[in-house]
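For the sequence shown, my numbering gives the first residue as 5, with consecutive numbering after it.
Built from N, CA and C at the ideal position, the CB exists for glycine as well.
Since the structure is predicted, the reported quantities are computational estimates derived from the model, not experimental observations.
Shown next, in structure tokens, is the structure this report addresses.
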Amino acid sequence: MKAEEFITKLATLTPAIEVERYDDAEDYGDELVNLAMNYDISDVDFGDIGFADEVLGDDDYYEVGMFEEKYLVIDRQSGEVRVEADDEEGTIVYSCAETSEKFLDALWVAVRYFSVQLNEKLKDTDLESRELKAQQCAEVAGSEDYFPFYQDFLNCYER
5 MKAEEFITKL ATLTPAIEVE RYDDAEDYGD ELVNLAMNYD ISDVDFGDIG
55 FADEVLGDDD YYEVGMFEEK YLVIDRQSGE VRVEADDEEG TIVYSCAETS
105 EKFLDALWVA VRYFSVQLNE KLKDTDLESR ELKAQQCAEV AGSEDYFPFY
155 QDFLNCYER
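Next up, the structure:
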């Protein structure tokens, strides 16, 4: 999904998440970079995911946000979105999605689930429901390899 579509979908939630587009928005060639750089999204939290005010990076990666005090990055060679530790080696904690667009697709599945959970007051102990949603997020993100990230993000663990 494109950043603009993600922002439009956020406005359909109950309660709606309204995000302003900056006047000087431009295409940076990556949808997560577009999201962080073109929209005022740094104050919106998606569970333990937060987006940066400004995208940092070098020839190897873009740093677009944080997940649980670790960096949410995009590998510039492969396009993969992942979580890396704050160390000199760039230790990969989780792989999150094949591409930024697939990450936004999976994040939307999770955010919509959180919204329904909030509005319908589903039981927080509904582990099976969260596990199924984590599986769906991993599939949307590109493969079963991404399940551990969504399992953590949705706070569900196999029995």
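For Asp-156, the enclosing alpha helix (DSSP H) starts and ends at 151-157. Rounded to whole angstroms, Val-113 and Gln-140 show a C-alpha spacing of 8 Å.
In the structure shown, Arg-25 adopts extended strand secondary structure according to DSSP, grouped into three states. Closest in alpha carbon position to Gln-81, among Pro-19, Tyr-154, Asp-64, is Asp-64.
Judged by DSSP secondary structure, Arg-86 falls within the beta strand (DSSP E) whose first and last residues are 85-88. For Lys-137, the enclosing alpha helix (DSSP H) covers residues 131-145. Bridge partners of Glu-67 according to DSSP: Leu-60, Val-77. At the C-beta level, Ile-78 and Ser-46 stay beyond 8 Å of one another.
The C-beta distance from Glu-102 to Gly-83 rounds to 7 Å, short enough to fall under 8 Å.
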